[in-house]
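Accompanying notes for the structure given below.
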Amino acid sequence: MKIKDNDSFTLDKFIEESLYNKTSGYYIKKDPFGKKGDFITSPNISVLFSEMIAIWVVSFWQNLGCPEEFNLIELGAGNGEMMKVLVNTFDKFPIFKNSCRIKILERSKLLKKKQKTNINKKNIQWLNDLSELDNLPCIFLANEFFDALPIKQFIKKEKKWFERYVKFSNKKFEYFDVPFDMKKFENKIKFKIAKQQNFIEYSPQSTEYLKSINNKIKHNNGGILIIDYAYIDKKMKNTLQAVSKHKYCDVLEGFGDSDITYNLSFNLINSIVKELSSLTAMNTTQGKFLTKLGILERAEILSKKMLFSEKADIYFRIKRLVDKNQMGELFKVMLITTHKNKFKLGF
Numbered sequence: 177m178k179i180k181d182n183d184s185f186t187l188d189k190f191i192e193e194s195l196y197n198k199t200s201g202y203y204i205k206k207d208p209f210g211k212k213g214d215f216i217t218s219p220n221i222s223v224l225f226s227e228m229i230a231i232w233v234v235s236f237w238q239n240l241g242c243p244e245e246f247n248l249i250e251l252g253a254g255n256g257e258m259m260k261v262l263v264n265t266f267d268k269f270p271i272f273k274n275s276c277r278i279k280i281l282e283r284s285k286l287l288k289k290k291q292k293t294n295i296n297k298k299n300i301q302w303l304n305d306l307s308e309l310d311n312l313p314c315i316f317l318a319n320e321f322f323d324a325l326p327i328k329q330f331i332k333k334e335k336k337w338f339e340r341y342v343k344f345s346n347k348k349f350e351y352f353d354v355p356f357d358m359k360k361f362e363n364k365i366k367f368k369i370a371k372q373q374n375f376i377e378y379s380p381q382s383t384e385y386l387k388s389i390n391n392k393i394k395h396n397n398g399g400i401l402i403i404d405y406a407y408i409d410k411k412m413k414n415t416l417q418a419v420s421k422h423k424y425c426d427v428l429e430g431f432g433d434s435d436i437t438y439n440l441s442f443n444l445i446n447s448i449v450k451e452l453s454s455l456t457a458m459n460t461t462q463g464k465f466l467t468k469l470g471i472l473e474r475a476e477i478l479s480k481k482m483l484f485s486e487k488a489d490i491y492f493r494i495k496r497l498v499d500k501n502q503m504g505e506l507f508k509v510m511l512i513t514t515h516k517n518k519f520k521l522g523f
């Protein structure tokens, strides 16, 4: 995409082009994961994270009545690290494994290629769109998926709403705000997003995904487990940020070269779920979730015959995942499922 002087975009269009442009998009041209990349995700920190998710999935399947066939869909599988461990762990549960149809939704051809190399890929289907799913029960996994989708920002100034735009001027990008008809927008999205808010972050793509996923769960049974940077305060805030080489950088300066992300408002997702479906949502922190699933006990079993240095490494990695001063509280976990489902493992 060629950008000319005085070109302007809504913020979500700017993020879309920066992350997903077919030739110069951040996720299209590079693998951002791991030490050599720009950030590290939980599955890259410890295999025990992915093992806990595998145990949770098997338990949730049992709670659904052990359907003879069901879909397990990972949304945006990164470099395939989590799914690789899931597939290996499922080998210990043969009845579950025979019932499980694994699908991965991935936009990046580069990451798709990485995933196919990394995961034992027989019997895995890569999706371009959720409409390709059949009518089996579905368990969706979204680990740091929604925070990579573009957002709009709306700002209230002197009782009037404005939408944030980005323009290219004098060889650099800058923000500017445009008056916005919030009432018309609320009618369109069918819920009162601006109630008691002075600032809004809203992802149209996330809402479309949630609608589609909620429909699948409603009609075919199942649920979605969301693990992401998130907060539960009712008041929304500006959480937009960019990361490059493991450091924060200016959102507007790293066009196509940095990961642009934000923290999910679980309160907003909850409202969307309530307004647009008959499902229910519950949430907790990543630290509590992994601890309740038994990550510390699993580490104890694994480390019994290890050298002290190996044991220390396992616990150092787990601390990063569950400690409240690290990822334990920064990351939140949400389960969206049917009203009648009382499954609470990890919550």
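Sequence positions in the sequence shown follow the working numbering and run 177 to 523.
All residues carry an ideal CB built from backbone N, CA and C; glycine is no exception.
N- and C-terminal bounds of the alpha helix (DSSP H) containing residue i
{"i": "I393", "result": "380 to 396"}
{"i": "M503", "result": "503 to 506"}
{"i": "F484", "result": "484 to 498"}
{"i": "S479", "result": "471 to 479"}
CA nearest to the CA of residue i, picked from the options
{"i": "E250", "options": "K273, I400, N374, H395", "result": "I400"}
{"i": "K279", "options": "D267, F269, P313", "result": "P313"}
{"i": "E429", "options": "E308, V354, S194", "result": "S194"}
{"i": "L224", "options": "N501, F492, L506, N517", "result": "F492"}
{"i": "W232", "options": "K189, Q417, F316", "result": "F316"}
{"i": "K464", "options": "F185, M228, K518", "result": "M228"}
{"i": "K371", "options": "R340, Y407, V342, M412", "result": "M412"}
{"i": "I376", "options": "K392, N390, D409, N396", "result": "D409"}
{"i": "L196", "options": "T460, S434, F484, S388", "result": "Reading off the sequence shown, one finds Tyr at residue 196, where the question assumed Leu. Among T460, S434, F484, S388, the Cα nearest to that of Y196 belongs to S434."}
{"i": "L146", "options": "K332, K205, K260, S379", "result": "Shown here, the chain extends from 177 to 523; a query on residue 146 therefore has no answer."}
{"i": "S218", "options": "F523, N446, Q502, H515", "result": "Q502"}
{"i": "E334", "options": "F321, N374, A318, F352", "result": "N374"}
{"i": "Q238", "options": "F352, G398, N391", "result": "G398"}
{"i": "F322", "options": "F266, E384, F361, G241", "result": "E384"}
{"i": "I471", "options": "Y202, D499, L386", "result": "D499"}
{"i": "T199", "options": "K480, I331, S284", "result": "S284"}
{"i": "S307", "options": "K328, N299, N390", "result": "N390"}
{"i": "N396", "options": "N299, L240, T186", "result": "L240"}
{"i": "A253", "options": "K392, D267, I300", "result": "I300"}
{"i": "L466", "options": "D489, G504, I331, S184", "result": "G504"}
{"i": "N294", "options": "N311, I494, N255", "result": "N255"}
{"i": "L440", "options": "H422, N414, R496, G432", "result": "N414"}
Limits of the beta strand (DSSP E) - the one that residue i falls within
{"i": "E339", "result": "336 to 345"}
{"i": "N459", "result": "455 to 461"}
{"i": "V419", "result": "417 to 420"}
{"i": "Y351", "result": "348 to 355"}
{"i": "K198", "result": "First-last for K198: undefined, no H or E at that position."}
{"i": "L521", "result": "Unbroken run through L521: none, as it is neither H nor E."}
{"i": "Y438", "result": "Looking at the DSSP string, Y438 is not in any beta strand (DSSP E), and its letter there is neither H nor E."}
{"i": "F367", "result": "Segment: none, F367 is in no beta strand (DSSP E) and carries neither H nor E."}
{"i": "F185", "result": "184 to 186"}
{"i": "F442", "result": "It is not in any beta strand (DSSP E) - F442 instead sits in the alpha helix (DSSP H) that spans 442 to 452."}
{"i": "I331", "result": "328 to 333"}
{"i": "K423", "result": "423 to 425"}
Contact belief for residue i with residue j at Cβ below 8 Å, rounded distance in angstroms
{"i": "F344", "j": "D181", "result": "6 Å"}
{"i": "F356", "j": "F338", "result": "6 Å"}
{"i": "K290", "j": "W302", "result": "Not confirmed; about 12 Å, so no contact."}
{"i": "P326", "j": "D426", "result": "Between D426 and P326 the Cβ distance is about 17 Å, and since that is not below 8 Å, they are no contact."}
{"i": "V342", "j": "F190", "result": "4 Å"}
{"i": "L286", "j": "K205", "result": "7 Å"}
{"i": "T437", "j": "A324", "result": "6 Å"}
Minimum length 4: unbroken alpha helix (DSSP H) runs contained in the segment 215 to 293: Counting only runs of at least 4 residues, the segment 215 to 293 fully encloses the following alpha helix (DSSP H) elements, listed from N- to C-terminal order: 218 to 221, 223 to 239, 257 to 266, 270 to 275.
Would you be able to state if there are at least three C-beta pairs under 8 Å between the segment 453 to 460 and the segment 471 to 486? Segments in contact, no.
With contact counted as at least three CB pairs below 8 Å, one residue from each stretch, are the segment 503 to 515 and the segment 401 to 413 in contact? yes
Can you list the beta strand (DSSP E) stretches of 3 or more residues lying completely in the segment 290 to 324, in chain order? 300 to 303, 314 to 319
Contact between the segment 239 to 259 and the segment 270 to 287 is defined here as three or more beta-carbon pairs at a separation below 8 Å; is this criterion met? yes
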